[in-house]
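Q:
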Amino acid sequence: MRHLKISFLAALLLLLFSGAYAQVERIDPPYWWVGMKNGNLQLLVKGKGIASLEPRIVQAGITLEKVSRFENANYLALDVAIEPEMKATTFNIEFFKNGKKAFVKPYALKERVNDPKAHQGFSSKDVVYLVMPDRFSNGDPTNDNIKGMEQMDRKALFGRHGGDIQGLINHIDYFKNLGITSVWLNPVQENDQPVQSYHGYAITDLYRIDRRFGSNELYFDFVRKMHDKGLKVIMDMVFNHVGTNTYFVKDLPSKDWLNYPDTKERSNFRGEVISDPNASKADREKMSNGWFDSSMADLNQNNPFVYRYLVQNSIWWIEAAGLDGIRMDTYPYPDKNAMASWIPEVMNEYPNFNIVGECWLQTVPATAYWQKGGFNRDGYQSPLRSITDFPLFNALVPAFKEKTGWSEGLSRLYYVLTQDNMYGSPNELLVFPENHDVTRLYTALGNNFESWKQAIAFILTTRGIPQIYYGTEYLDHNNEGGEHGYLRKDFPGGWAGDTVNVATGKGLSDKQTEAFRYISTILNWRKTSEVVTKGKLTQFIPEGDTYTYFKTYNGKAVMVVLNNGEGRKLELTRFNEILKDFKKGRDVATGDTYSFENGFIDLKSRNALILDLE
C-alpha cells in the first residue's frame, strides 16, 4: 500500500512538473518540404510562456541557426537551415528548461510532389472564372454549421449561404464545358469573424481552409481534379490584413506586428498616392498603414517576422495544393518594397507561376506603376507581371451606353488602349466586365442584351487576360439594389430544391439561354485561337458609332467590329493594311460568312461582329 502511495505521488509530481512548462499550441508553417531551392525556414512557435524555454534540434542535415524572442513571451521564432541533400523526415524540436528537457515537438519535412500538371501559371491564353464559393454550390450540407462559427442563413443578404468546395468539385465539368480555363475563388481560408464571414477577406487562419467549406485535404483534391480536366486554380490571398480573430492579433507577438494597433486608424483608400510625385507623406502613410476595416487588422510587412510569415504562407499553399496562380488582394496597400521582395521568392521556386495584383486605381499611369517593365520616375521596379485593368473596366459601360463622340462612347475604350505604352506588358493585364465588388454588367448596361453581348465580345478579344464572374454567363443582375449581397447572389442550381439550374439549363429564360450559348461559343473558340490569345492588337479610330480592331499572329487575323448604332454598311478600304491578305471572315458567334469582295460588309444595329479571317 505504501508503495502504491509513493508511485501515485511520483506520478502526480511528474504531471505537475511537466504542466509547469509551456506547451506548444501551434507551429507555422505546420510542415515543410525538402528539396526547396531556398533551404531556409522560419518557424513561428506559439505557446504560453514558450519563450522561457530553450529549443534545440539534433538532426543531421538540419541546423537551428537562430532563436528569436518577442515582447510577448508566448512566441518564439526558429530559423532553421535545411541542407539540399536532406531527405524527407520527421525531426524533433526539443525544449529545455534549466538544462532539463521539458518536452519534444515533432516537425515533418515532406518530399515535394513535382506534379507536371501543377504550378502552370496563367496568361492571355487563359480565361479566368471568378467564383464566390459561399454563393456557388452547397455540395455537402453537413458542414453548413460549425459550432462556434457564424451560422448559415441563406435568407440573409450578408450571411453565409452554405456553398462549399464539394459544390465546386461537383461543377468541374460545368467549368470545362463553359469554356473557361482557370478558376479564381474568393478566399477559402478560415474566416472566423462573427459577421459577414461569407466573403472571406478577413482571414483568421492563414493555414487552414474554412471548415464550412471543407478541409485542406478536400481543397487539395479539388485542385487535383481541376488539373485532371486541364483546368487551373488561382488562390486569393491577402497580405495587407487579417481578421481581428486571428490568433496572433488577439495575442500579438509584438506591437509592431500591426500598423496602428491601438488607434486602428482607417486607410484613405487612395492608392494613387503611392506613385503620385506630389503626394504628402501623411497621405502615403495613411494609405499604406491604415486599416481597411475595423475587422481587418493591418499587417506591418516591414516587420521581418511578419514578412517571412506571409512569404512562407504563400509558398506553403502553392506547394501543398499545387496552385497555378495567386490573386493578391489590395496589392498597393501593403509595403511596396516588401511586395517587390516577395514575388522573386515565389518565382525562384516556381518559374512558370503567375500572380495578379488587384490594383483598384483610376488612371493608367497609377495602374502601370505596379506592373513589371514599366518606367517609374521614382526608380521603383515592380516584379509583378499581371495587374487588374480598372481603367479599361471604368470605360466599358459608358462605351456602350453613350453615343460615340470625340471622347465619349466607344472612344473611351480607344483612348484607354492608346495608353498601353505606359505598361510593361499590356497583354498580361487582367481585363474584366464585372467582379464581386461592382455592379453586375447586365444591370450597369440597363438590362440591354445587345450591349451586354458587345461588352462580352470586347473583353474576350481585346489584349490581356479575360476574367468573367460567375453569373456573367446567365445575365445575373443586381436590379434589387447595390448592396454587396445582391452582387453575390447564389448560383441557380447550386442548392437542392432550386427551381432554376444553370448547369443543366433547367428554368433559364430564352434570353439567359441565348446569353449562355453566346459566351460559351466565344470562350470555346478562344481556346483554339492563337491569333486572339497571342496576337498583336491593332485598333482603328472609332468612326460614327463603330469601333474596329484586329488581332494578327503568324499571318492570321481576327477582325472585331463593335457597332453601337443603327445597321449600316461598313466600308473596308481603311482596313486594307490588314484585309489585303484576306477575302472573307467567319462570324465566330453564328458561323455566318462575310465576303470582302464588294469592299464593304453589312452591320446589324447594336451588334458585335467577331470575324475569323480567311
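Positions -22 to -1, 1 to 592 (mature numbering (1 follows the signal peptide of the UniProt record, and there is no 0)) are the ones given, in order, by the sequence shown.
All residues carry an ideal CB built from backbone N, CA and C; glycine is no exception.
Skipping 5 residues on each side, what residues in its chain have a beta carbon closer than 6 angstroms to that of R190?
A: Excluding residues within five positions, the ones whose Cβ falls inside 6 angstroms are N121 and I124.
Q: By the DSSP assignment, the beta strand (DSSP E) with Q279 in it spans what residues?
A: Q279 -> no beta strand (DSSP E), and no H or E assigned at all.
Q: If you run the structure through DSSP and keep just helix, strand and coil, what is E386?
A: Residue state, collapsed to three classes: coil.
Q: According to DSSP, D505 sits in a beta bridge with which residue or residues?
A: Per the sequence shown, the amino acid found at residue 505 is Lys instead of Asp. Answer by DSSP bridge pairing: none, since K505 is not bridged.
Q: Which residue comes first and which comes last in the beta strand (DSSP E) that contains Q445?
A: Element bounds for Q445: I443 to Y447.
Q: Just reading off the beta strand (DSSP E) that L54 is part of, what are its end residues?
A: Where L54 is concerned, the enclosing beta strand (DSSP E) stretches over Y53 to I60.
Q: Give the single residue among A298, Y225 and I588 whose Cα lies nearest to the Cα of I5.
A: Of the candidates A298, Y225 and I588, the one whose C-alpha sits nearest the C-alpha of I5 is Y225.
Q: Hey, quick one: how far does the beta strand (DSSP E) through residue 622 stretch, first residue to last?
A: Since the first residue shown for the chain is -22 and the last is 592, residue 622 is missing from the structure and cannot be characterised.
Q: By Cβ distance, which residues of its chain are closer than 8 angstroms to E451, with the 5 residues on each side in sequence left out?
A: So the qualifying residues of the chain are L156, V480, A493, F494, I497 and S498.
Q: Would you check if the distance between the CB atom of P411 and the CB atom of Y448 is smaller than 9 angstroms?
A: No, they are not a contact pair.
Q: To which residues does DSSP link I187 through a beta bridge?
A: For I187, which the question treats as bridged, DSSP gives the partners Q167.
Q: Quick one: what's got a C-beta closer than 6 angstroms to N541's C-beta in the same chain, skipping five residues either side?
A: Excluding residues within five positions, the ones whose Cβ falls inside 6 angstroms are T524, L581 and N585.
Q: Around the Cβ of K78, are there at least 16 other Cβ atoms within 10 angstroms (buried) or fewer (exposed)?
A: Under this definition K78 is an exposed residue.
Q: Take T568 as the anchor and find which of A435, K233, F553 and L196 has the nearest alpha-carbon.
A: Comparing Cα-Cα distances from T568 to each of A435, K233, F553 and L196, the minimum goes to A435.
Q: Can the beta-carbon of P312 be found closer than 9 angstroms to that of L339?
A: No.
Q: For H403, does the three-state DSSP call read helix, strand or coil?
A: Here the sequence assigns Ser to residue 403, which means His is not the residue at that position. Note: S403 maps to coil in three-state DSSP.
Q: So within the stretch 425 to 489, which uninterrupted beta strand (DSSP E) runs reach at least 3 residues, ignoring any that extend past its ends?
A: Runs of the beta strand (DSSP E) inside the stretch 425 to 489: 443 to 447.
Q: Just reading off the beta strand (DSSP E) that H219 is part of, what are its end residues?
A: Looking at the DSSP string, the run of the beta strand (DSSP E) that includes H219 is H219 to G221.
Q: Helix, strand or coil: which one does DSSP assign to Y347?
A: Correct three-state label for Y347: coil.
Q: Output the distance between the C-alpha atoms of V251 and A377, rounded to the nearest integer angstrom.
A: Each residue's alpha carbon lies about 28 angstroms from the other.
Q: Would you mind giving the Cβ-Cβ distance between G99 and N326, rounded to the nearest angstrom? I have them listed as a contact below 8 angstroms.
A: About 14 angstroms separates the two Cβ atoms, so there is no contact after all.
Q: Look up E63 in the DSSP assignment and say whether it is helix, strand or coil.
A: Coil.
Q: Could you tell me whether the stretch 206 to 222 touches the stretch 167 to 180, using the rule of 3 or more Cβ pairs below 8 angstroms?
A: Touching, yes.
Q: Hey, V538 and T551: beta-carbon distance below 9 angstroms or not?
A: No. Outside cutoff.
Q: Give the C-beta separation of S102 and E336 to the nearest angstrom, bearing in mind that I take them to be a contact with Cβ-Cβ under 8 angstroms.
A: Actually they are not in contact, since the Cβ atoms of S102 and E336 sit about 18 angstroms apart, beyond 8 angstroms.
Q: Identify which residue in E575, N281, K489 and K484 has its Cα closest to the Cα of G471.
A: Answer by Cα proximity: K484.
Q: Would the beta-carbon of V161 fall within 9 angstroms of that of K95?
A: Not closer than 9 angstroms, so no.
Q: Nearest by alpha-carbon distance to L56: which of K467, R286 and Q144 is it?
A: For the residues K467, R286 and Q144, the minimum Cα distance to L56 belongs to R286.
Q: Please classify A373 as buried or exposed, where buried requires at least 16 other C-beta atoms within 10 Å of its C-beta.
A: Result: buried.
Q: Take S272 and list the residues in its own chain whose beta-carbon comes closer than 7 angstroms to its own, dropping the five residues that flank it on each side.
A: These residues qualify, in order along the chain: K242.
Q: DSSP state of L(-7), grouped into three classes?
A: A caution first: L(-7) carries a pLDDT of 41, below 50, which makes its placement in the model unreliable, though a value can still be read off. Three-state result, L(-7): helix.
Q: Please tell me whether S115 and L135 are closer than 9 angstroms, where the distance is taken between their beta carbons.
A: In this structure, L135 does not lie closer than 9 angstroms to S115 by Cβ.
Q: Pick helix, strand or coil for A377, following the three-state DSSP scheme.
A: Three-state result, A377: helix.
Q: Rounded to the nearest angstrom, how far is the Cβ of R363 from that of N332, given a contact under 8 angstroms?
A: With 8 angstroms as the limit, R363 and N332 qualify as a contact, their Cβ atoms being about 6 angstroms apart.
Q: Classify Q279 as buried or exposed, calling it buried when 16 or more other Cβ atoms lie within 10 Å of its own Cβ.
A: Flag for Q279 reads buried.
Q: With C-beta atoms as the reference, is E49 less than 9 angstroms away from K228?
A: Cβ distance not < 9 angstroms, so E49 and K228 don't count as in contact.
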